[in-house]
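Below is one structure, written out as structure tokens; the observations come after it.
Numbering (this note's numbering), first residue to last: 510 to 646.
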């Protein structure tokens with residue numbers, strides 16, 4: 510999944526923050542044109558696939574009290590969590606492949622052991638028959 514698809518509710522909130530209110534204000538919060546500009550630039554890069562745009566870092570550092578800072582931090586955190594889950598999934602898939610190979614090898618060895626047991630059983634029957642034949646003489 511792309512970051513855009515996994516964070517649609519957050520994007521809607523961001524859109525409300527940047528478009529639904531009067532320019533420069535969000536409820537009781539003041540949005541400066543500079544932090545809005547940074548947020549919009551970071552959001553554009555984030556939507557294009559950059560999960561950690563430099564503009565979001567600047568926004569968090571330069572405008573820590575902006576309501577857009579929370580949205581930027583949430584997008585970055587969500588992208589980081591998505592990446593962590595993707596990495597974990599990759600590791601789990603690799604482990605599953607290794608376990609499937611081990612299972613296949615163990616199954617082959619089990620089949621070989623069963624074949625040996627059948628062969629030994631057949632040989633034991635032959636020896637029993639030989640013993641019966643030699644005792645009967």
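Glycine residues also receive a C-beta, built at the ideal position from the N, C-alpha and C atoms.
Handout entry: Integer-rounded CB distance, given that residue 568 should sit under 8 Å from residue 551
Key = Locating residue 551 in the chain shown gives position 42, where the first residue counts as 1. Locating residue 568 in the chain shown gives position 59, where the first residue counts as 1. With 8 Å as the limit, residue 551 and residue 568 qualify as a contact, their Cβ atoms being about 6 Å apart.
Exercise for the section: Could you check how far apart the C-beta atoms of residue 577 and residue 545 are, in whole angstroms? I think they sit under 8 Å. Expected result: Position 68 of the chain shown, counted from the start, is the residue given in the question as residue 577. Position 36 of the chain shown, counted from the start, is the residue given in the question as residue 545. In this structure residue 577 is in contact with residue 545, their Cβ atoms being roughly 7 Å apart against a cut-off of 8 Å.
Practice task
Find out if the Cβ-Cβ distance for the pair residue 564, residue 579 is shorter than 7 Å.
Solution key: What you label residue 564 is simply residue 55 of the chain shown in a count that begins at 1. What you label residue 579 is simply residue 70 of the chain shown in a count that begins at 1. Contact annotation: residue 564 and residue 579 have beta-carbon atoms that are not nearer than 7 Å.
Problem - Straight-line gap, residue 617 to residue 634 (C-alpha atoms, nearest Å) - result: One-based indexing of the chain shown puts residue 617 at position 108. One-based indexing of the chain shown puts residue 634 at position 125. Cα to Cα, residue 617 sits roughly 26 Å from residue 634.
Problem - Residues bridged to residue 632 [DSSP beta-bridge criterion] - result: For the purposes of this step, residue 632 is taken as the residue at position 123 of the chain shown. By DSSP's assignment, residue 632 forms no beta bridge with any residue.
Practice task
Return the residue from the list 582, 560 and 559 that minimises the CA-CA distance to residue 570.
Solution key: The sequence position of residue 570 within the chain shown is 61, counting from 1. Comparing alpha-carbon positions, the option among 582, 560 and 559 lying closest to residue 570 turns out to be 582.
Exercise for the section: Below 8 Å on the Cβ atoms is my guess for residue 562 versus residue 554; work out the distance and round it to an integer in Å. Expected result: Start at 1 with the first residue of the chain shown, and residue 562 comes out as number 53. Start at 1 with the first residue of the chain shown, and residue 554 comes out as number 45. About 4 Å; that satisfies the 8 Å criterion.
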